[in-house]
Amino acid sequence: MVGVLLLVLGMITAFVGGLYALMEHNIQRLLAYHTLENIGIILLGLGAGVTGIALNQPALIALGLTGGLYHLVNHSLFKSVLFLGAGGIWFRTGHRDIEKLGGIGKRMPVISVAMLIGLMAMAALPPLNGFAGEWVIYQSFFKLGNSGAFIGRLLGPLLAVGLAITGALAVMCMAKVYGVTFLGAPRTKEAENACCAPILMGVSVVALAICCVLGGVAAPWLLPLISTAVPLPLETANTTVFSADDRAAADRLSAAAVHHHGDFQRQPSAVTFTRRGLGLWLRPRAVDGDYRPRFRHAGERGLCPGTQVA
1211 MVGVLLLVLG
1221 MITAFVGGLY
1231 ALMEHNIQRL
1241 LAYHTLENIG
1251 IILLGLGAGV
1261 TGIALNQPAL
1271 IALGLTGGLY
1281 HLVNHSLFKS
1291 VLFLGAGGIW
1301 FRTGHRDIEK
1311 LGGIGKRMPV
1321 ISVAMLIGLM
1331 AMAALPPLNG
1341 FAGEWVIYQS
1351 FFKLGNSGAF
1361 IGRLLGPLLA
1371 VGLAITGALA
1381 VMCMAKVYGV
1391 TFLGAPRTKE
1401 AENACCAPIL
1411 MGVSVVALAI
1421 CCVLGGVAAP
1431 WLLPLISTAV
1441 PLPLETANTT
1451 VFSADDRAAA
1461 DRLSAAAVHH
1471 HGDFQRQPSA
1481 VTFTRRGLGL
1491 WLRPRAVDGD
1501 YRPRFRHAGE
1511 RGLCPGTQVA
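In the working numbering, the protein residues as written are 1211 to 1520.
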């Protein structure tokens, strides 16, 4: 099965990339290994979606593909922050080895704050964009574990645990990079004489870091937009989907709730986003009674352009 193959390859890629990144001291190579890890995470989302197609589970398709696509966008943002920040450090110190740095936070405060945001997003910490995408992929694994297929019940929990271990590696790598590079005392003369990055370089890094924050805080509105690009097998007139037009669901992740036999079956919300203070907190919750999903009937436009509900 192609979906299972993608899941296995994605898990191996994510774990190996995170492990190699943790052992690396060259900051650019370290970030490159983390790119490998995130490619594995994206493959996990795509694999969950393809497995959902094979198992004929539209909710799993929506969760897997939406999570994979959103993490693809998020990775391009926070990894750009990190590579630009690493370039700024190299521009001022001439070093890529984090062991030859130290104390950069006081000398390059703008780069320091921006890279902290990028590293937290890379480690999938809330309320940043990296957390939102990975959480949707986690929910696809939970959905896979609840499927009727034996392979789904077997792989779902194992993949969730494997992704959690990969996340732990990313957190350790974040602590290593930020602690060794930006905290403590300078370990070389170049690090001691470092100064702020050029204005244009600093503006670029800060703008991308702000996008990382917005990508997490605005996830309840962005995820429904991305989910419209996910094709679902609409087989009956009673197929029910979470429509992006339902503004009452603005604090929920838009996912698919499907029943093929005439009765509406509620699909537990994959992620419920509630905004409290400056942070974004996520907690799972079933669809409340005040939510009224829209039924798509035969002849109506489907989720994808040029399609109709049968």
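We put the beta carbon where it would ideally sit given N, CA and C, even for glycine. Computed from a predicted structure; not experimentally measured.
- Along the segment 1299-1360, the alpha helix (DSSP H) occurs as fully enclosed runs of 4 or more residues at 1314-1317, 1319-1332 and 1339-1355, listed in sequence order.
- Taken in chain order, the complete alpha helix (DSSP H) segments of 4 or more residues contained in the segment 1384-1445 are 1399-1402, 1409-1427 and 1429-1437.
- Taking a contact to require three or more Cβ pairs closer than 8 Å, the segment 1278-1288 and the segment 1368-1378 do not qualify as touching.
- In the DSSP secondary-structure assignment, Asn1236 is bridged to Asp1307.
- Straight through space, the alpha carbons of Thr1303 and Leu1435 are spaced by roughly 42 Å.
- Taking a C-beta distance under 8 Å as the contact criterion, Cys1421 and Leu1329 do not qualify as a contact pair.
- Cβ-Cβ distances below 8 Å link Gly1228 to Tyr1243, His1244, Glu1247, Thr1376, Leu1379, Ala1380 and Cys1383 in the same chain, with the five nearest sequence neighbours on each side left out; the list follows chain order.
- For Gly1412, the closest of Ile1299, Leu1273 and Gly1355 by C-alpha to C-alpha distance is Ile1299.
- Here DSSP, grouped into helix, strand and coil, assigns Met1382 to helix.
- Ala1428 is the residue among Ala1428, Ala1439 and Thr1438 whose C-alpha sits nearest the C-alpha of Asn1284.
- The segment 1217-1270 contains, as complete alpha helix (DSSP H) runs of 4+ residues, the segments 1237-1265 (chain order).
- With 16 or more neighbouring CB atoms inside 10 Å of its own CB, Phe1392 falls in the buried class.
- Lys1316 and Leu1326 have their alpha carbons spaced roughly 13 Å apart.
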